[in-house]
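Asker: Structure in structure tokens, see below.
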Amino acid sequence: MSETDSVPDTAPAAKAPQPPAAKPDEKPKKDENFFAFLFWLVLGVVVLRSFIVSPFNIPSESMLPRLLIGDYLFASKWSYGYSKYSLPFSAPLIPGRVFASQPERGDVVIFKAPPGNDLDYIKRVIGLPGDEIRMQGGQVILNGTPVPKERIDDFILPVTQNMRDSAKTEMRLPCVEPRFEIVRADGSSACRYPQYRETLPNGVSYNVLDMGSREKDNTGTYIVPEGHMFLMGDNRDNSLDSRFPAIEGGGIGIVPQENLVGKAALMMFSTDGSANWLLPWTWFTAARWNRIGGTF
Numbered sequence: 697m698s699e700t701d702s703v704p705d706t707a708p709a710a711k712a713p714q715p716p717a718a719k720p721d722e723k724p725k726k727d728e729n730f731f732a733f734l735f736w737l738v739l740g741v742v743v744l745r746s747f748i749v750s751p752f753n754i755p756s757e758s759m760l761p762r763l764l765i766g767d768y769l770f771a772s773k774w775s776y777g778y779s780k781y782s783l784p785f786s787a788p789l790i791p792g793r794v795f796a797s798q799p800e801r802g803d804v805v806i807f808k809a810p811p812g813n814d815l816d817y818i819k820r821v822i823g824l825p826g827d828e829i830r831m832q833g834g835q836v837i838l839n840g841t842p843v844p845k846e847r848i849d850d851f852i853l854p855v856t857q858n859m860r861d862s863a864k865t866e867m868r869l870p871c872v873e874p875r876f877e878i879v880r881a882d883g884s885s886a887c888r889y890p891q892y893r894e895t896l897p898n899g900v901s902y903n904v905l906d907m908g909s910r911e912k913d914n915t916g917t918y919i920v921p922e923g924h925m926f927l928m929g930d931n932r933d934n935s936l937d938s939r940f941p942a943i944e945g946g947g948i949g950i951v952p953q954e955n956l957v958g959k960a961a962l963m964m965f966s967t968d969g970s971a972n973w974l975l976p977w978t979w980f981t982a983a984r985w986n987r988i989g990g991t992f
């Protein structure tokens with residue numbers, strides 16, 4: 697045997713490949729992805745509600761006959777520009793109003809109600825800067841000219857559960873007065889209110905209710921200052937609007953346009969208040985389907 701033949705093979709055996717060790721930060725990445733998704737979702741909702749559209753619900757009868765308790769609508773946020781009141785919690789991040797445009801007479805607007813500027817109200821624009829407005833015998837006199845007010849068929853309002861709940865909270869009857877209560881052919885209760893068609897100088901027409909002689913059917917003259925607007929509810933005798941001084945829990949006075957939040961655009965839902973959350977089928981029977989989808 698040669699010397700070379702006797703030399704043992706000392707080369708190390710090749711090791712089988714090992715799977716790469718798991719990185720300790722792989723699991724946290726899933727959490728990071730979730731929180732990133734949550735962040736972008738919240739940001740998207742904030743942007744949508746602040747600058748594009750936002751939902752609002754109707755809790756009172758001040759805008760009858762156009763809006764009922766239990767209506768839910770979308771408001772366009774871009775219609776009049778943006779201010780701090782466009783943002784959640786009225787965050788003071790926008791100075792004054794940007795991209796501002798003035799509303800038109802007849803617009804139905806959502807705004808922050810003076811003097812607190814913290815509650816959303818909805819009314820109709822009647823007067824703009826420089827306008828002189830007064831009420832005479834329940835008729836609007838705009839810049840010395842009576843706004844046409846034509847008597848039309850009475851407004852029949854079925855008494856619903858949300859009307860009963862609202863009346864109970866305010867310790868009153870579902871209809872404004874007993875004389876307006878009627879019983880329909882099917883035995884159900886309803887309110888029957890005198891209704892009129894009002895037409896502004898720019899041609900915008902809408903229906904209003906007038907229950908008869910009331911405190912603010914005759915007023916002095918209001919002059920709308922620059923940057924403000926005179927607002928009224930369509931339910932003329934059940935609306936604490938610009939005819940009343942701005943008092944917390946009372947009237948709103950002449951409202952700064954800076955307080956505008958949006959313009960009523962689309963009826964997205966309406967309910968009579970009879971739904972029971974534990975009985976899913978009542979969600980459908982309580983819906984007022986004929987009101988959904990209406991525009992302003």
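The opening position of the sequence shown corresponds to residue 697 in our numbering, with each subsequent residue numbered one higher.
The beta carbon of each residue, even a glycine, is placed where N, CA and C say it ideally should be.
What do you get for Thr981, buried or exposed, if any count of 16 or more other CB atoms within 10 angstroms of its CB means buried?
Answerer: Burial call: exposed.
Asker: Do the CB positions of Val855 and Pro874 come within less than 9 Å of each other?
Answerer: For Val855 and Pro874, no; Cβs fall outside 9 Å.
Asker: Buried or exposed for Ile943, going by 16 or more other Cβ atoms inside 10 Å?
Answerer: It counts as exposed.
Asker: For a test of the three-state rule: what should DSSP assign to Glu846, helix, strand or coil?
Answerer: Strand.
Asker: Whole angstroms is fine: what's the gap from Val1004's alpha carbon to Leu824's?
Answerer: Residue 1004 lies beyond the stretch modelled for the chain, which goes from 697 to 992, so this question has no answer here.
Asker: Could you round the C-beta distance between Ala809 and Ile948 to whole angstroms and report it? I think they count as a contact, below 8 Å.
Answerer: With 8 Å as the limit, Ala809 and Ile948 qualify as a contact, their Cβ atoms being about 5 Å apart.
Asker: Measuring CB to CB, does Asp913 end up less than 9 Å from Leu927?
Answerer: No, Cβ-Cβ distance for Asp913 and Leu927 is not below 9 Å.
Asker: From the DSSP output, in three-state form, read off Arg1026 for me.
Answerer: With the chain running from 697 to 992 in the structure shown, residue 1026 is simply not present.
Asker: Do the CB positions of Ile818 and Ile754 come within less than 9 Å of each other?
Answerer: Result yes, Cβ atoms of Ile818 and Ile754 sit closer than 9 Å.
Asker: With distances taken Cα to Cα, identify the nearest neighbour of Thr865 among Ser756, Ile829, Ile748.
Answerer: Minimum Cα distance to Thr865 is reached at Ser756.
Asker: Taking the runs of the alpha helix (DSSP H) that are 4 residues or longer, which of them lie wholly in the segment 847-923?
Answerer: Runs of the alpha helix (DSSP H) inside the segment 847-923: 857-865.
Asker: So for Thr978, helix, strand or coil by DSSP?
Answerer: Looking at Thr978 - three-state DSSP - the assignment turns out to be helix.
Asker: Where Leu975 and Ile852 are concerned, what is the direct C-alpha to C-alpha distance, given to the nearest angstrom?
Answerer: C-alpha separation (whole angstroms): 29 Å.
Asker: Taking C-beta to C-beta, are Asn934 and Leu763 nearer than 9 Å?
Answerer: Cβ atoms of Asn934 and Leu763: not closer than 9 Å.
Asker: Let me check one thing: in DSSP terms, what residues is Lys780 bridge-paired to?
Answerer: Its beta-bridge partners do not exist; DSSP assigns none.
Asker: What number of angstroms, rounded off, separates the C-alpha of Ile829 from the C-alpha of His924?
Answerer: Near 13 Å, if we compare the C-alpha coordinates of His924 and Ile829.
Asker: Mapping DSSP to helix, strand and coil, what is Gly823?
Answerer: Here Gly823 sits in strand by DSSP.
Asker: Ignore the nearest five residues each way along the sequence and tell me which others in Arg847's own chain have a CB closer than 6 Å to its CB.
Answerer: Around Arg847: Tyr892.
Asker: Comparing C-alpha positions only, which one of Phe876, Glu954, Asn986, Ala971 sits nearest to Met963?
Answerer: Of the listed residues, the one whose Cα sits closest to Met963 is Asn986.
Asker: To the nearest angstrom, report how far apart Lys959 and Glu800 are at their CA atoms.
Answerer: So the two alpha carbons sit approximately 11 Å from each other.
Asker: Confirm, please, whether the CB-CB distance from Asp861 to Tyr889 is below 9 Å.
Answerer: Not a contact, by the Cβ cut-off of 9 Å.
Asker: Just reading off the beta strand (DSSP E) that Lys808 is part of, what are its end residues?
Answerer: Start and end: 804-808.
Asker: For Arg793, count neighbouring Cβ atoms within 10 angstroms of its own Cβ and tell me buried if that reaches 16, exposed if not.
Answerer: With 16 or more Cβ atoms within 10 Å of its Cβ, Arg793 is classed as buried.
Asker: Using the DSSP secondary-structure output, state which residues sit across from Asp816 in a beta bridge.
Answerer: Paired residue(s): Lys808.
Asker: Hey, Tyr768 and Ser797 are a contact pair by Cβ (cut 8 Å); roughly how many whole angstroms apart?
Answerer: That belief does not hold up - the Cβ atoms of Tyr768 and Ser797 are roughly 26 Å apart, past 8 Å.
Asker: Which of the three DSSP states is assigned to Arg932 in this structure?
Answerer: It is coil, neither helix nor strand.
Asker: What is the DSSP secondary structure of Asn839, counted as helix, strand or coil?
Answerer: DSSP places Asn839 in coil when its eight states are reduced to three.
Asker: Can you grab the Cα-Cα spacing for the pair Ala961 / Phe747, in whole Å?
Answerer: If I take the Cα positions, the gap works out to 14 Å.
Asker: With DSSP collapsed to three states, give me the class of Gly990.
Answerer: In this structure, Gly990 counts as coil in the three-state DSSP scheme.
Asker: Run the CB neighbour count on Val821, radius 10 Å, all protein chains shown included, and call it buried at 16 or more, exposed below.
Answerer: Per the 10 Å Cβ criterion, buried.
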